[in-house]
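Asker: Please find one structure pasted underneath; my questions will follow.
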Amino acid sequence: MEEAESRFQHLLQPIRDLTKNWEVDVAAQLEEYLEEVRGGPRIPCAGELGGDARQPC
Numbered sequence: 001m002e003e004a005e006s007r008f009q010h011l012l013q014p015i016r017d018l019t020k021n022w023e024v025d026v027a028a029q030l031e032e033y034l035e036e037v038r039g040g041p042r043i044p045c046a047g048e049l050g051g052d053a054r055q056p057c
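Counted from 1, the sequence shown has number 40 at position 40 by the UniProt record's numbering; the numbering is strictly sequential.
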């Protein structure tokens, strides 16, 4: 099995490299972006915390 894997390594490596592009924590990246756009850390709305949802964000 190892012989076959090493034999096709040059074909498999580009595929493995492409899969690394999808290893992104999208939620963390979006949160970081929102912090930059808003000018500070994100403060949850009252409705998100289970409080009075009528309070503005």
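Just so you know, even glycine gets a beta-carbon here, dropped at the ideal spot from N, CA and C.
Taking just the CA atoms, how far does Gly-39 sit from Asn-27?
Answerer: Position 27 of the sequence shown, counting from 1, holds the residue named residue 27. Position 39 of the sequence shown, counting from 1, holds the residue named residue 39. According to the sequence shown, residue 27 is Ala rather than Asn. Their Cα atoms are separated by approximately 18 Å.
Asker: Please work out which residues of its chain come closer than 8 Å, Cβ to Cβ, to Glu-3, disregarding the five sequence neighbours upstream and downstream, and give them in chain order.
Answerer: Counting from one through the sequence shown, the residue named residue 3 turns up at place 3. So no residue of the chain qualifies.
Asker: For a test of the three-state rule: what should DSSP assign to Asp-25, helix, strand or coil?
Answerer: For the purposes of this step, residue 25 is taken as residue 25 along the sequence shown, with counting starting at 1. Reduced to three states, the DSSP call for Asp-25 is coil.
Asker: If we ignore side chains and look at the alpha-carbon of each, how far apart do Leu-12 and Leu-18 end up?
Answerer: Counting from 1 along the sequence shown, the entry for residue 12 is found at position 12. Counting from 1 along the sequence shown, the entry for residue 18 is found at position 18. Between Leu-12 and Leu-18, the C-alpha separation is close to 10 Å.
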